[in-house]
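These notes concern the structure reproduced below.
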Amino acid sequence: MTNKEAFELLSKEREFSNLTGWSFVRILSINFDTIKKEYDLAKKYLEPSEELKNLMHKKNAILYKYAEKNENGEPIVIEVDNNKQYKLTSDNESKALEEIKELEKEGSDVLQEGISNYNKYMEILEEDFKGDIITIDSKILPKEITYGQLSAIKSWINM
Numbered sequence: 003m004t005n006k007e008a009f010e011l012l013s014k015e016r017e018f019s020n021l022t023g024w025s026f027v028r029i030l031s032i033n034f035d036t037i038k039k040e041y042d043l044a045k046k047y048l049e050p051s052e053e054l055k056n057l058m059h060k061k062n063a064i065l066y067k068y069a070e071k072n073e074n075g076e077p078i079v080i081e082v083d084n085n086k087q088y089k090l091t092s093d094n095e096s097k098a099l100e101e102i103k104e105l106e107k108e109g110s111d112v113l114q115e116g117i118s119n120y121n122k123y124m125e126i127l128e129e130d131f132k133g134d135i136i137t138i139d140s141k142i143l144p145k146e147i148t149y150g151q152l153s154a155i156k157s158w159i160n161m
């Protein structure tokens, strides 16, 4: 099981909340806690540094400055590919891009560190999961377990 597969299991944890049986639920809980610990360690690579947050704030300020404004002087926000962004005229867009390029040049080390951390997280996803998963004896599986639930944790079951 890769880290990606293990981390995806976390999103399915609630699907097991209806199952009973002390031994089964205990092992399930321990296994999910083990995955959560590994996930929490890995996701630290996705947390932006204060320097990167500051850089992104400055970039947003540039975009805000050059955004088209409505009659109340507020920037117009549009949606592009499910992302909200400020609407820029072509003249203002080139000015904004010039300032942003200069900002990115000044903060290239910060940006590179952010990219490096993201790439490290992506590498971690592809690695084998190293946490200790307790196997579940098939004899203690609840009768109510569904095929989907069973499929999700089949690598944990000792048949």
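Read the sequence shown against our numbering and you will find it ends at 161, with the numbers running on by one and no gaps. Heads up, the beta-carbon is just placed ideally off N, CA and C, and yes, glycines get one too. Note that the structure is a prediction, hence the values are computed from the model and not measured.
Exposure label - residue 63; buried when at least 16 CB within 10 Å: exposed
Bridge partners for residue 159 per DSSP, in chain order? 138
Give the secondary structure of residue 121 by DSSP, where H, G and I count as helix, E and B as strand, and everything else as coil. helix
Complete alpha helix (DSSP H) runs within the segment 3-29 (minimum length 4 residues, chain order): 5-12
Does the segment 18-28 come within contact of the segment 138-146, defined as at least 3 CB pairs closer than 8 Å? yes
Can you tell me which residues form a DSSP beta bridge with residue 88? 79
Which stretch, first to last residue, makes up the alpha helix (DSSP H) that contains residue 132? No alpha helix (DSSP H) holds residue 132; DSSP gives it neither H nor E.
Hey, residue 33 and residue 136: beta-carbon distance below 8 Å or not? yes
Simplified DSSP assignment, three categories, for residue 97: helix
Proximity test, residue 59 beta-carbon vs the ligand MG heavy atom, cut-off 7 Å: The model on display carries no ligand, and the ligand MG is accordingly not part of it.
Go through its chain and collect everything with a Cβ distance to residue 89's Cβ below 8 Å, but skip five positions before and after it. 69, 70, 77, 78, 79 and 80
Looking at C-alpha atoms only, which residue of 139, 150, 149 and 104 is the closest neighbour of residue 159? 139
Classify residue 112 as buried or exposed, calling it buried when 16 or more other Cβ atoms lie within 10 Å of its own Cβ. buried
Per DSSP, residue 71 forms a beta bridge with which residues? 77
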